[in-house]
Amino acid sequence: MGTKKVGKMMLMGLLLLFGFAVAPEAMAQTKGIEAPAPATMADIETLQNNLNIVWTCVAAFLVFFMQAGFAMVEAGFTRAKNAVNILMKNLMDFSIGSIAFFVVGFGLMFGATTSGFVGTSDFLLGLSPYGDSFGEQWPFTFLLFQTVFAATAATIVSGAMAERTKFSSYLVYSVFISAFIYPIFGSWAWGGLYNGGGWLENLETPFLDFAGSTVVHSVGGWLALAGAIVLGPRIGKYGPDGKPRAILGHNMTLGALGVFILWLGWFGFNPGSTTTGDGLMGYIAVTTNLAAAAGAIAAMVTAWVIIGKPDASMSLNGVLAGLVAITAPCDAVSPSGAIAIGVIAGMLVVLSVLFIDRVLKIDDPVGAVSVHGVCGLWGTLSVGFFNLESGLFYGGGLSQLMSQIIGAGAAFVWAFGLGMALFLGIRHTMGLRVTEKEEIQGLDIGEHGMEAYSGFQIFTNQ
Amino acid sequence: MGTKKVGKMMLMGLLLLFGFAVAPEAMAQTKGIEAPAPATMADIETLQNNLNIVWTCVAAFLVFFMQAGFAMVEAGFTRAKNAVNILMKNLMDFSIGSIAFFVVGFGLMFGATTSGFVGTSDFLLGLSPYGDSFGEQWPFTFLLFQTVFAATAATIVSGAMAERTKFSSYLVYSVFISAFIYPIFGSWAWGGLYNGGGWLENLETPFLDFAGSTVVHSVGGWLALAGAIVLGPRIGKYGPDGKPRAILGHNMTLGALGVFILWLGWFGFNPGSTTTGDGLMGYIAVTTNLAAAAGAIAAMVTAWVIIGKPDASMSLNGVLAGLVAITAPCDAVSPSGAIAIGVIAGMLVVLSVLFIDRVLKIDDPVGAVSVHGVCGLWGTLSVGFFNLESGLFYGGGLSQLMSQIIGAGAAFVWAFGLGMALFLGIRHTMGLRVTEKEEIQGLDIGEHGMEAYSGFQIFTNQ
Amino acid sequence: MGTKKVGKMMLMGLLLLFGFAVAPEAMAQTKGIEAPAPATMADIETLQNNLNIVWTCVAAFLVFFMQAGFAMVEAGFTRAKNAVNILMKNLMDFSIGSIAFFVVGFGLMFGATTSGFVGTSDFLLGLSPYGDSFGEQWPFTFLLFQTVFAATAATIVSGAMAERTKFSSYLVYSVFISAFIYPIFGSWAWGGLYNGGGWLENLETPFLDFAGSTVVHSVGGWLALAGAIVLGPRIGKYGPDGKPRAILGHNMTLGALGVFILWLGWFGFNPGSTTTGDGLMGYIAVTTNLAAAAGAIAAMVTAWVIIGKPDASMSLNGVLAGLVAITAPCDAVSPSGAIAIGVIAGMLVVLSVLFIDRVLKIDDPVGAVSVHGVCGLWGTLSVGFFNLESGLFYGGGLSQLMSQIIGAGAAFVWAFGLGMALFLGIRHTMGLRVTEKEEIQGLDIGEHGMEAYSGFQIFTNQ
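Residue numbers (the working numbering), protein chains in the order written: chain A, 3 to 464; chain B, 3 to 464; chain C, 3 to 464.
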């Protein structure tokens with residue numbers, strides 16, 4: 003295995019089976035088989051395993067593509083003078099995250115654990131150099147799927163801290179998030195998927211977060227909240243009277259493209275979390291899609307009522323709100339439950355964006371805290387209400403809701419707490435924010451020595 | 003089923019199979035199996051079903067992504083001042099369509115029927131709250147695939163009516179299309195795929211439209227034609243002398259990206275319409291690709307001859323023309339037949355665009371009527387010529403062609419007729435078109451209170 | 003087969019299996035089955051074949067989408083006044099390539115051969131009009147996968163020759179590349195995958211290029227080098243003193259999007275080259291991802307050290323460098339080996355871009371020669387060092403490295419040599435370069451009669 007020769011041999015084998023081998027020997031052999039060899043359940047299991055690998059890999063590719071979606075949304079929703087910087091952050095958090103999660107994060111999240119608080123094996127996948135049996139290869143598919151999840155958590159933060167964060171500082175905290183903060187929390191809720199087993203899974207009524215409303219999105223959202231607080235608002239965001247001023251994004255077309263890409267990617271994120279190719283993935287794809295659609299409509303209507311216009315950025319964030327919210331309950335709610343969850347998320351994201359912007363006066367350029375933090379929280383709690391087996395609305399009592407509150411609360415304490423420590427630590431050492439001059443001129447020139455749109459007339463004082 | 007626990011159990015089961023379970027009990031069990039359990043055809047069928055679900059879902063995701071393609075093509079081919087409006091329409095027709103098709107459309111299209119003219123069951127998928135057996139889950143995969151098709155039909159209309167339609171009116175007719183107009187016609191041709199059975203399927207020589215040249219594209223195209231007629235041309239499109247004036251799109255790069263995305267999505271649209279993971283999908287992918295390529299080349303050459311330059315928007319529409327045309331016959335023509343169908347479609351789309359623009363003087367900003375209506379018609383008729391079993395060129399006589407004419411004619415009468423009624427109805431009640439002032443200023447400001455490209459110098463009087 | 007009816011019948015069959023058929027006869031039949039029919043290994047093989055087809059097609063779709071990635075990278079990294087031209091080239095090389103490879107190229111590459119230097123059968127897939135058995139359908143899936151590979155090789159060239167090449171000349175050489183130059187070299191290294199068998203496969207230690215670092219990327223890269231040399235630099239690229247001047251790309255956002263799309267596509271390119279749905283693809287996806295991530299980081303750091311800033315275009319090219327390099331060894335190196343290969347590629351691409359630009363003074367607007375030629379060479383040689391079975395670092399001695407040098411050398415001689423002949427031939431007949439006036443004004447107006455960004459204020463003298 004592992005050489006081109008083997009690949010060729012495998013393919014030649016296939017071609018033989020396909021009936022292309024016209025050599026007389028082959029024909030004779032074929033004719034010689036009078037009683038076909040019987041198949042065993044082990045053969046069936048191998049095939050199902052192969053199907054699971056294909057599906058899980060395809061899902062991972064879709065989740066990977068969410069990086070492009072985040073890049074387009076974040077760049078589109080901010081100013082042209084900072085576009086290169088945002089793209090570089092998105093590129094680098096995925097690149098650094100891929101390596102860091104392979105080296106450290108995967109072991110912390112899915113390694114063997116006695117405490118249920120952190121894994122302690124499987125770093126570098128046990129240095130296993132190469133696996134040619136199926137048993138040795140599944141971990142790589144699983145690693146791939148988990149890597150793209152880890153990178154999603156890391157990239158959420160960049161949106162809330164856009165247009166004013168030092169690039170070098172960004173690289174530093176990005177490592178911390180994908181190597182430590184995300185995986186350790188992840189081990190609490192998901193470690194049992196591999197060879198660990200976390201304390202949130204071992205609650206009497208286990209905490210349920212099927213695809214990561216809390217594990218990925220709220221953790222990312224609360225880290226983003228900490229970052230936005232420590233950084234402070236962009237220059238000009240709040241006037242001398244404290245009133246917020248809208249700082250418009252430079253490319254709504256790319257912002258919309260980004261949201262469509264994210265929607266596509268979520269079909270890997272949620273249905274892919276089955277890591278199994280069977281009917282459940284189709285079911286989850288339906289609940290996921292309905293919640294996203296409902297979120298878009300609800301956010302548009304809410305914005306129309308409150309702001310007076312069907313605002314595009316609110317509607318686009320409504321899609322993401324619905325998607326983030328359905329992530330935890332997607333496998334275990336009815337389609338109509340999914341619509342309800344999406345509607346509430348869509349309303350919530352508009353109210354939350356306005357509240358954070360106008361009342362809390364925290365400057366979150368793309369609404370990352372509202373989308374991922376707040377709607378992730380809502381989605382996690384919604385399991386307690388809408389789960390068809392254990393939800394309050396289906397006669398399941400309060401115990402599921404309690405477990406959801408415990409898990410969501412733990413995520414907030416962990417991510418917001420560590421985030422504050424991390425960002426304050428960076429601010430007092432290497433510095434977290436660019437100079438005032440650089441911020442006004444744009445980070446593209448200051449940090450990267452280039453501009454995104456050479457040849458175009460752009461008003462950078464916007 | 004339906005809880006994270008179960009997901010975990012399933013995964014644990016898998017891991018056991020993969021040989022990761024090193025617990026002594028598991029080892030003992032494994033060793034205890036001396037004669038492996040034999041597999042039955044029921045196991046084989048379950049696996050093939052699982053493979054079909056994986057493939058159909060992946061295909062549905064690709065078709066979903068066509069929404070991003072349409073959004074980029076339509077935005078790119080129109081003016082910057084209307085980009086937000088176009089993006090919002092694309093976002094909302096998919097969102098509204100997803101809910102409307104789930105609630106009403108699916109039942110009308112695929113529900114039980116005695117007349118063959120409309121289905122009357124399976125609304126809200128029978129309110130089935132949650133299916134955990136495979137039998138109950140296939141409908142959700144099928145719903146997903148059909149939902150993304152329905153949304154495609156709806157979104158076609160927005161291109162032809164771009165840059166002058168009221169947003170609120172758009173939302174209203176979008177509901178009608180995805181909830182009623184598309185699904186009822188769909189039931190005539192495709193109801194038998196589920197538990198209905200339409201009259202076009204019951205013709206002596208059944209009407210053939212494998213993936214929807216008529217059901218999706220022509221229906222969308224003739225609705226678009228009705229809309230463009232009722233709306234009238236954009237201000238400045240036709241001079242006082244009646245001569246058409248080119249109104250250039252604002253971003254050909256995004257237009258081209260959109261076409262590439264649509265091409266990708268069509269690999270879900272056509273091969274996915276097998277809803278079966280086997281060799282036929284690869285065959286269809288080849289015919290689909292060859293027709294698209296041939297369409298691009300033919301349109302470029304035709305434009306070069308007529309206009310004098312290898313025009314980019316014509317070439318890009320040539321791709322779409324080839325794709326729309328091959329949609330009906332993709333499963334049953336030879337590769338060289340596919341090339342021929344694509345070549346004709348590519349020539350046809352250029353001639354049709356010029357004819358509609360210059361002779362009929364109907365203003366269709368992106369050429370949607372030509373691409374989807376005219377080439378959908380051509381593709382549907384081409385079955386009668388090129389089908390390897392029943393086509394005229396292969397000795398099949400005229401009966402197939404007659405059935406194709408009947409089906410295509412029914413689509414025109416239904417979609418154009420109802421479209422005229424719908425758009426005239428809206429025009430005389432809530433109004434269909436924005437004010438002259440708003441149209442000149444751009445719909446982004448008037449309808450959505452924002453602009454797409456903040457900070458860029460743009461000449462909006464273009 | 004091949005008609006809608008059959009599709010319906012197949013689906014009806016499925017639905018029966020799924021338990022939806024409630025007709026009494028069906029129930030009786032089902033109940034009649036008391037001892038389930040046993041399954042044979044032939045059933046298992048059919049299923050695995052079906053899974054292979056699904057996976058290979060999905061992979062081909064992802065590789066197809068790389069066309070969009072190349073279009074965005076090449077357009078984004080060059081000037082706005084040439085964007086339409088670049089998009090048209092990317093569109094047309096894929097379209098023409100799809101037809102040319104079907105008609106001629108596939109047969110030259112994979113047809114039967116005695117010499118090992120060129121295939122001589124399977125043109126037009128033997129004119130096989132339509133295959134309904136599995137045996138006849140696999141070739142179409144294989145054709146599809148190989149078509150998208152051929153188009154990748156062709157499209158690489160357009161980047162290096164951007165902003166000054168005549169469109170009609172481009173069409174001519176694009177045909178030559180996809181019909182002859184690429185497939186004949188391909189037959190040397192990959193012919194044995196189908197019914198040929200090339201001389202590089204028959205070396206004592208066979209040349210290994212799992213997914214095409216040499217076959218696709220170096221061949222494309224050396225053709226690009228020949229093209230850039232024959233064309234000469236763009237006007238204004240080198241000052242009177244011979245010093246290179248940076249000509250900035252017009253849209254880094256689209257450039258970054260393009261790189262993300264290419265990264266996604268590479269998950270089809272490398273894992274898909276298994277053409278088998280099993281655990282190896284997950285393994286390859288991991289090595290591919292790690293090399294890309296490592297390439298991005300290494301290029302960023304290298305640029306930071308040399309240029310003084312974390313340059314975005316260098317970092318983005320670092321991703322591509324890592325991807326190109328891992329393409330040959332992806333199936334047979336350890337994850338840490340993949341990281342090492344990516345790191346070296348990331349450093350190499352920066353040095354190579356600067357060397358070609360400043361020392362060789364060859365004008366390659368997007369760095370295609372460095373990315374595809376140089377890093378393709380490095381990836382091919384890296385097999386000789388890092389292959390877990392035959393690599394020098396794993397005790398495999400020098401014979402693998404020798405074979406790699408032979409294969410890579412043959413690629414250079416073949417592609418660069420024929421490229422020089424081809425481009426010089428075109429230059430002396432129909433001409434290769436646009437007029438000076440057209441180049442300054444931009445190729446979009448001159449070649450296509452339109453501009454990419456109507457309504458935007460753009461400084462075309464940039």
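Every residue gets a Cβ at the ideal spot worked out from N, C-alpha and C, and that includes glycine.
Query, Result
"Neighbour flag for Phe136 of chain C against chain B, beta carbons, 8 Å", "Note that Phe136 of chain C scores 42 on pLDDT, short of 50, meaning its location in the model is unreliable and no value can be drawn from it."
"Buried or exposed by the 16-neighbour rule on C-beta atoms within 10 Å, applied to Pro26 of chain A", "Bear in mind that the predicted position of Pro26 of chain A carries a pLDDT of just 33, short of 50, making it too unreliable to give a figure here."
"Burial state of Leu400 of chain C (16 or more Cβ within 10 Å)", "exposed"
"Proximity test, Cβ basis, 8 Å: Met283 of chain C and chain A", "yes"
"Residues of its chain near Ile186 of chain A, where Cβ-Cβ distance is below 6 Å and the 5 sequence neighbours each way are ignored", "Leu110 and Val120"
"Per-residue DSSP class, three states only, for Thr278 of chain A", "coil"
"Collapsed DSSP secondary structure at Phe468 of chain A in the structure displayed", "Residue coverage of chain A in this structure runs from 3 to 464, which leaves residue 468 of chain A outside it and unanswerable."
"C-beta neighbour in chain B for Ile460 of chain A, strict 8 Å", "yes"
"Within-8 Å CB hit, Asp45 of chain B to chain A", "yes"
"Closer than 7 Å at the beta carbon, the chain B residues around Asp365 of chain A", "Correct list: empty, because the minimum Cβ distance to chain B is about 17 Å."
"Gly198 of chain B vs Ala330 of chain B beta-carbon contact at 8 Å", "no"
"Nonlocal neighbours in the same chain, by C-beta distance under 6 Å from Gly200 of chain C, ignoring five residues either side", "Gly118, Ser189, Trp190, Ala191 and Gly193"
"Proximity of Pro367 of chain A and Gly222 of chain A at Cβ, strictly below 8 Å", "no"
"Among C:Ala155, C:Gly107 and C:Ile46, the one whose alpha carbon lies nearest that of Phe66 of chain C", "C:Ala155"
"For Ile358 of chain C, the three-state DSSP class (helix, strand or coil)", "helix"
"Closer than 8 Å to chain A by CB, Gln443 of chain B", "no"
"Short Cβ contact (8 Å threshold) for Ile328 of chain A with Gly310 of chain A", "no"
"Residues that Ile460 of chain B bridges to, as DSSP identifies them", "C:Phe458"
"Cutoff 8 Å: Ile428 of chain A Cβ touching any chain C Cβ", "no"
"Three-state secondary structure (DSSP) of Ile42 of chain C", "Here residue 42 of chain C turns out to be Thr, not Ile, going by the sequence shown. If DSSP states are grouped into helix, strand and coil, Thr42 of chain C belongs with the strands."
"Alpha-carbon spacing of Phe269 of chain C relative to Tyr396 of chain C, whole angstroms", "27 Å"
"Under the three-state DSSP convention, the category Pro208 of chain B falls into", "coil"
"The stretch 67–79 of chain C: positions lying closer than 7 Å to chain B by Cβ", "Phe67, Gln69, Ala70, Ala73, Met74 and Ala77"
"Neighbourhood of Thr255 of chain A by C-beta, 8 Å cutoff - its chain only, sequence neighbours within 5 removed", "Gly78"
"Segment limits, alpha helix (DSSP H) that includes Asp95 of chain A", "Ala85 to Ala102"
"Same chain, Cβ closer than 6 Å to Met432 of chain B, five either side skipped, listed in chain order", "Ser171"
"Residues near Ala62 of chain B in its chain [Cβ-Cβ closer than 6 Å; skip 5 each side]", "Leu146, Phe147 and Val150"
"Members of the stretch 377–397 of chain C near chain A, C-beta cut-off 8 Å", "Asn389, Leu390, Glu391 and Ser392"
"Trp201 of chain A: contacting residues in chain B (beta-carbon distance under 7 Å)", "Those do not exist, as Trp201 of chain A stays about 15 Å from chain B at its closest Cβ, beyond 7 Å."
"Three-state class that DSSP yields for Tyr240 of chain C in the structure shown", "strand"
"Residue environment, Thr143 of chain C, which counts as buried when at least 16 other CB atoms sit within 10 Å", "buried"
"Closer than 8 Å to chain A by CB, Gly279 of chain C", "yes"
"Close Cβ partners of Tyr455 of chain B (< 7 Å) along its chain, the five nearest in sequence each way excluded", "Ala82"
"Members of the stretch 148–181 of chain C that neighbour chain B once the beta carbon cut-off is set at 8 Å", "Thr149 and Phe169"
"Contact with chain B by Pro40 of chain C, beta-carbon distance below 8 Å", "yes"
"Minimum C-alpha distance to Leu93 of chain C - residue among B:Leu227, B:Thr382 and B:Ile299", "B:Ile299"
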